[in-house]
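The structure appears below as structure tokens.
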Amino acid sequence: MAAQPKRKSSRSSKGNRRGHDRAKFGSIVLCSHCRRPQLTHRICTHCGYYAGREVIAEKPARDSE
């Protein structure tokens with residue numbers, strides 16, 4: 016069996032322990048190519064550019080036949 020606490024944790028002790036558990040949001044910047052918001056240090060999901068150069072080529076539009 017697991018160890019059990021000797022005393023009840025107070026609200027302030029629980030709050031102090033949980034102070035770092037909140038969600039952290041990354042920085043958002045504008046893409047230098049398409050000017051859409053994106054996370055820093057990531058390839059743009061819309062145009063495929065990173066650091067001013069194309070990393071992922073856009074797929075050509077498919078013709079419906």
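For what it's worth, the numbering used here labels the leading residue of the sequence shown as 16, then goes sequentially. C-beta atoms are modelled at their ideal positions from N, C-alpha and C, and glycine is treated no differently.
Cα-Cα separation between residue i and residue j, rounded to whole angstroms
i       : j      : result
Gly-102 : Thr-60 : Nothing can be reported for residue 102: it is not among the residues displayed for the chain, which extend from 16 to 80.
Cys-49  : Gly-67 : 10 Å
Ile-43  : Ala-72 : 23 Å
Ile-58  : Ser-27 : 42 Å
Pro-75  : Ala-38 : 38 Å
His-56  : Tyr-64 : 11 Å
Lys-54  : Ser-47 : For the record, residue 54 in the displayed sequence is Leu; it is not Lys. The alpha-carbon atoms of Leu-54 and Ser-47 are separated by roughly 12 Å.
Asp-36  : Cys-62 : 34 Å
Lys-23  : Asn-31 : 15 Å
Three-state secondary structure (DSSP) of residue i
i      : result
Arg-26 : helix
Residue range of the beta strand (DSSP E) that includes residue i
i      : result
Gln-53 : 52-54
Ile-43 : 43-45
Per-residue burial, residue i [other beta carbons within 10 Å of its own, 16 or more giving buried]
i      : result
Gln-19 : exposed
Beta carbon proximity, residue i to chain B, threshold 7 Å
i      : result
Ala-66 : Here there is only one protein chain, and chain B is not present.
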